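Participant: Read left to right, the sequence shown gives residues 1 to 138 (the UniProt record's numbering).
The beta carbon of each residue, even a glycine, is placed where N, CA and C say it ideally should be.
Treat the numbers as computed from the prediction; the structure is a model and nothing was measured.
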Amino acid sequence: MKKLSEYLFLWTFGGCLYYSFEVIFRGFSHWSMFVLGGICFLFFTIQGKMVHWQDALWRQLLRCIVFVTSMEFITGIIVNKWLGLAVWDYSDQPFQLFGQICLPFMVIFSGLCVLGILLSGYLTYWLYGDEKPHYHVL
1 MKKLSEYLFL
11 WTFGGCLYYS
21 FEVIFRGFSH
31 WSMFVLGGIC
41 FLFFTIQGKM
51 VHWQDALWRQ
61 LLRCIVFVTS
71 MEFITGIIVN
81 KWLGLAVWDY
91 SDQPFQLFGQ
101 ICLPFMVIFS
111 GLCVLGILLS
121 GYLTYWLYGD
131 EKPHYHVL
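Written as structure tokens, this is what we have:
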């Protein structure tokens, strides 16, 4: 039951964080971004715990960038293409794929991933008494 509570909190926290980020920098957001932000934040935590926060930060970041970009693509196909909700469209961006993902936003999201990795590790340590993260770049 503790794990379920922890994961629900982390999902909600990540969802609120990303939704707020979008509102602040974009002026609006969509409920699907809350769901996606929560899933990604939860992944930051799970991947870190799986390696006991011992992997170099660049390795954790690489895993998270691949996950976040994949999830953004899948969510975009469902939300934007299948459901036609037009939440975002990167068609005018360089190095884009079907208007759902693009290189410039992948770079922006990589910065958010670093913050998410650091924050998720310390949150689980402070709030749930989990293993203390030991971050190192190399």
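Does DSSP put Gln100 in a helix, in a strand, or in coil?
Facilitator: coil
Participant: Hey, is the segment 18-28 in contact with the segment 89-105, meaning 3+ C-beta pairs nearer than 8 Å?
Facilitator: no
Participant: In whole angstroms, what separates the C-alpha of Lys2 from that of Gln54?
Facilitator: 24 Å
Participant: Find out if the Cβ-Cβ distance for the pair Leu61, Trp11 is shorter than 8 Å.
Facilitator: no
Participant: Are the CB atoms of Met106 and Ile65 nearer to each other than 8 Å?
Facilitator: The Cβ atoms of Met106 and Ile65 sit closer than 8 Å to each other.
Participant: If you follow the alpha helix (DSSP H) that Met50 is part of, which residue opens it and which one closes it?
Facilitator: Its alpha helix (DSSP H) spans residues 31-50.
Participant: For a quick check, are the C-beta atoms of Phe9 and Cys113 less than 8 Å apart?
Facilitator: no
Participant: Using 8 Å for Cβ pairs, my map puts Gly48 next to Pro133. What's the rounded Cβ distance?
Facilitator: Contact between Gly48 and Pro133 holds, since their C-beta atoms are separated by about 7 Å, short of 8 Å.
Participant: Taking 8 Å as the cut-off, decide whether the C-beta atoms of Gly116 and Cys16 are in contact.
Facilitator: no
Participant: What residue range does the alpha helix (DSSP H) around Ile77 cover?
Facilitator: Counting along the chain, Ile77 falls outside any alpha helix (DSSP H), and DSSP gives it neither H nor E.
Participant: By Cβ distance, which residues of its chain are closer than 7 Å to Trp58, with the 5 residues on each side in sequence left out?
Facilitator: Val137
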